[in-house]
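Residue numbers (the working numbering): 53 to 484.
For every residue, glycine included, the Cβ atom is placed at its ideal position computed from N, Cα and C.
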Ligand code: ADP
Ligand code: ZN
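Structural data, given as structure tokens:
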């Protein structure tokens, strides 16, 4: 498969570092001059723009957190006059109040460039038809995918989210070759297709670019089987840009971070830089952003970085699958559990659908975890003793994978609420 911007995507690590060093120096001078928040933070740490010589000096700089954006709601961290801001988005607010982000014309060009590179990784060309079922609006998914596909010159179907029956009709009739949406919605479309009497052989889909929430290899296999496509992972967050910060290539051994624009670091629990290969919190510095440049933004997402050569020829660092975000991590009876660990166990079993929900509660001062998962179509009519055997097998596998006992409740197909955007995997009743 081709590249969208070969010179940049395959440039040597040494050249990339030189470019990053140059851009970091400019960035630090830029925010010091224009953003009082950063000037004050740097002054407090006794760091001056002239202390930054190479990309390695990034460790001297202050962190930024989501609360800093919220405290400066809506436009307090912007580095340009408001008239230069040509687009505003806001994060979906998975974990609280809206965080507002802004873009200049040049920022939008960078975004569509990195998203074009990302879609190209998933096989999109000027001959493709890209069906976008991410929501359009303040959420960055819809317009981000849209502008990237337009930059390639592909045909875009801006379906947005919602109305699954109509989505299926459009996908088939307009002969979409690539689908963009959340992985949970892709899994839902896969089921809905058969339930609505369609045959996947009448569709033209070849690939899917899925992101905005964590998903496992098991979920990938499920989607690839149902939709008969190759499914690619794409990552992004509105604070840094939107979708297209990183993406899988055909080797699918991690997501290449577009490092000429977004510089990644992994931090350990003491906020010290962790070596390549180690899991920790992912942190990004925007090297070229004008409207809302961020220094060392703490994503709360947990993953690792890998720099060994990739067979695709791209030189940019790869990030492993996101384990989940720090906020998603459940602590149950003192044990740390990510929903993705449970998803892996469930989908390895077969006989269940990829639709599940975790219900956390408290009984007699002890945390409880109930895993609700839908049986696969057809299974529900099976003998009670088969279902009971499946259930207890699942409980013992969860116990050995998590080191924690959980109750499994097998429910009828189509009873767990579906989401058209990010799936709601956890219901925590302890906070009530
Ligand atoms: P919100 O914080 O409101 O959800 P965004 O819509 O900007 O705001 O979502 C960004 C977050 O979505 C990321 O920080 C990450 O937790 C999650 N995310 C995005 N893409 C992926 C992906 N491919 N895999 C796992 N998580 C992802
Ligand atoms: Zn690669």
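On the three-pair Cβ rule with 8 Å, is the segment 303-311 touching the segment 360-372?
yes
Using the Cβ count rule (16 or more neighbours within 10 Å means buried), how would you classify residue 204?
Your numbering for residue 204 matches position 152 in the chain shown. With 16 or more other Cβ atoms within 10 Å, it is buried.
Residue 210 versus residue 237: straight-line alpha-carbon distance, rounded
Working through the chain shown from its first residue, we reach residue 210 at position 158. Working through the chain shown from its first residue, we reach residue 237 at position 185. In a straight line, the C-alpha of residue 210 is about 16 Å away from that of residue 237.
At a cut-off of 7 Å, would you count residue 174 as near the ligand ZN, judging by its Cβ distance to the nearest heavy atom?
The sequence position of residue 174 within the chain shown is 122, counting from 1. No, the Cβ of residue 174 stays beyond 7 Å of every heavy atom of the ligand ZN.
Are three or more beta carbon pairs between the segment 260-268 and the segment 466-477 nearer than 8 Å?
yes
Spatial distance of residue 104 from residue 297 (CA atoms):
Start at 1 with the first residue of the chain shown, and residue 104 comes out as number 52. Start at 1 with the first residue of the chain shown, and residue 297 comes out as number 245. Their backbone Cα atoms lie some 24 Å apart in a straight line.
Secondary structure at residue 96, three-state DSSP: helix, strand or coil?
Counting from one through the chain shown, the residue named residue 96 turns up at place 44. The answer is helix: DSSP assigns residue 96 an H, G or I state.
Within this structure, are the beta carbons of residue 277 and residue 254 separated by less than 8 Å?
Within the chain shown, residue 277 is the residue found at index 225, counting from 1. Within the chain shown, residue 254 is the residue found at index 202, counting from 1. Contact: no.
Output the boundary residues of the alpha helix (DSSP H) element that contains residue 173.
Residue numbering aside, residue 173 sits at position 121 when the chain shown is read from its first letter. Looking at the DSSP string, the run of the alpha helix (DSSP H) that includes residue 173 is 157-173.
Can you list, in chain order, every residue whose CB sits closer than 5 Å to a heavy atom of the ligand ZN?
301, 303, 362, 364 and 366
Using beta-carbon positions only, say whether residue 134 and residue 156 come within less than 8 Å of one another.
Taking the first residue of the chain shown as 1, we reach residue 134 at position 82. Taking the first residue of the chain shown as 1, we reach residue 156 at position 104. The answer is no: Cβ separation not under 8 Å.
For the candidate residues 399, 333, 406 and 402, whose alpha-carbon lies nearest to that of residue 373?
For the purposes of this step, residue 373 is identified with residue 321 of the chain shown, where counting begins at 1. The shortest CA-to-CA distance from residue 373 to any of 399, 333, 406 and 402 is the one to 333.
Assess contact between the segment 447-457 and the segment 388-405, defined as three or more Cβ pairs (one per stretch) separated by less than 8 Å. Is contact present?
yes
In whole angstroms, give me the CA-to-CA distance for residue 160 and residue 195.
For this step, residue 160 is matched to residue 108 along the chain shown. For this step, residue 195 is matched to residue 143 along the chain shown. Each residue's alpha carbon lies about 10 Å from the other.
Quick one: give me the first and last residue of the alpha helix (DSSP H) that residue 343 is part of.
In the chain shown, residue 343 corresponds to position 291, counting from 1. From DSSP, residue 343 is part of no alpha helix (DSSP H); its letter is neither H nor E.
Where does residue 221 land, buried or exposed, given buried means 16+ other C-beta within 10 angstroms?
What you label residue 221 is simply residue 169 of the chain shown in a count that begins at 1. Label assigned to residue 221: exposed.
Grab me the residues of residue 326's own chain with a C-beta within less than 7 Å of its C-beta, minus the 5 sequence neighbours each way, in chain order.
Working through the chain shown from its first residue, we reach residue 326 at position 274. Hits under 7 Å: 318, 319, 320 and 332.
Contact under 8 Å by Cβ, residue 270 with residue 239:
The residue you call residue 270 lines up with position 218 of the chain shown. The residue you call residue 239 lines up with position 187 of the chain shown. Their beta carbons are not under 8 Å apart, which means residue 270 does not touch residue 239 by this criterion.
8 Å CB neighbourhood of residue 49 in its chain, flanking five on each side removed:
Residue coverage of the chain in this structure runs from 53 to 484, which leaves residue 49 outside it and unanswerable.
Within 10 angstroms of its Cβ, does residue 110 collect 16 or more other Cβ (buried), or is it exposed?
The sequence position of residue 110 within the chain shown is 58, counting from 1. Buried, by the Cβ-count rule.
Using 10 angstroms around the beta-carbon of residue 341, count the other beta-carbons present and answer buried if the total reaches 16, otherwise exposed.
Within the chain shown, numbered from 1, the residue matching residue 341 stands at position 289. When all chains shown are included, residue 341 counts as buried.
I'd like to know whether the C-beta atoms of residue 84 and residue 94 end up nearer to each other than 8 Å.
Here residue 84 refers to the residue found at position 32 when the chain shown is read from its first residue. Here residue 94 refers to the residue found at position 42 when the chain shown is read from its first residue. Result yes, Cβ atoms of residue 84 and residue 94 sit closer than 8 Å.
Do residue 154 and residue 343 have their CB atoms nearer than 8 Å?
Working through the chain shown from its first residue, we reach residue 154 at position 102. Working through the chain shown from its first residue, we reach residue 343 at position 291. At a Cβ-Cβ threshold of 8 Å, residue 154 and residue 343 count as neighbours.
Using the DSSP secondary-structure output, state which residues sit across from residue 324 in a beta bridge.
Locating residue 324 in the chain shown gives position 272, counting from the first residue. Residue 324 is bridged by DSSP to nothing; it lacks a bridge partner.
Checking 8 Å against the spacing of the C-beta atoms, do residue 302 and residue 53 come in under that value?
Looking up residue 302 in the chain shown gives position 250. Looking up residue 53 in the chain shown gives position 1. Yes, the pair counts as a contact, with Cβ atoms nearer than the cut-off.
For the beta strand (DSSP E) containing residue 455, list its first residue and its last residue.
Residue numbering aside, residue 455 sits at position 403 when the chain shown is read from its first letter. No beta strand (DSSP E) contains residue 455, which DSSP labels as neither H nor E.
For the ligand ADP, is there any heavy atom lying closer than 7 Å to the beta carbon of residue 275?
Stepping through the chain shown from its first residue, residue 275 is reached at position 223. Residue 275 Cβ: outside cutoff for every heavy atom of the ligand ADP.
For residue 233 versus residue 186, is the C-beta spacing smaller than 8 Å?
Here residue 233 is taken as the residue at index 181 of the chain shown, counted from 1. Here residue 186 is taken as the residue at index 134 of the chain shown, counted from 1. Result yes, Cβ atoms of residue 233 and residue 186 sit closer than 8 Å.
Taking Cβ positions, are residue 226 and residue 292 nearer each other than 8 Å?
Translated into the one-based positions of the chain shown, residue 226 becomes position 174. Translated into the one-based positions of the chain shown, residue 292 becomes position 240. The answer is no: Cβ separation not under 8 Å.
Rounded to the nearest angstrom, what separates residue 191 and residue 212 at their Cα positions?
Against the chain shown, residue 191 aligns to sequence position 139. Against the chain shown, residue 212 aligns to sequence position 160. Those two C-alpha atoms are separated by around 11 Å.
Taking 7 Å as the line, does the beta carbon of residue 196 fall inside it for any heavy atom of the ligand ADP?
Along the chain shown, one-based indexing puts residue 196 at 144. Not so, every heavy atom of the ligand ADP lies at least 7 Å from the Cβ.
Check each candidate in 112, 88, 87 and 89 and name the one with the smallest Cα separation from residue 99.
For the purposes of this step, residue 99 is identified with residue 47 of the chain shown, where counting begins at 1. For the residues 112, 88, 87 and 89, the minimum Cα distance to residue 99 belongs to 112.
At 3 residues or longer, what runs of the beta strand (DSSP E) sit wholly inside the segment 342-375?
349-355
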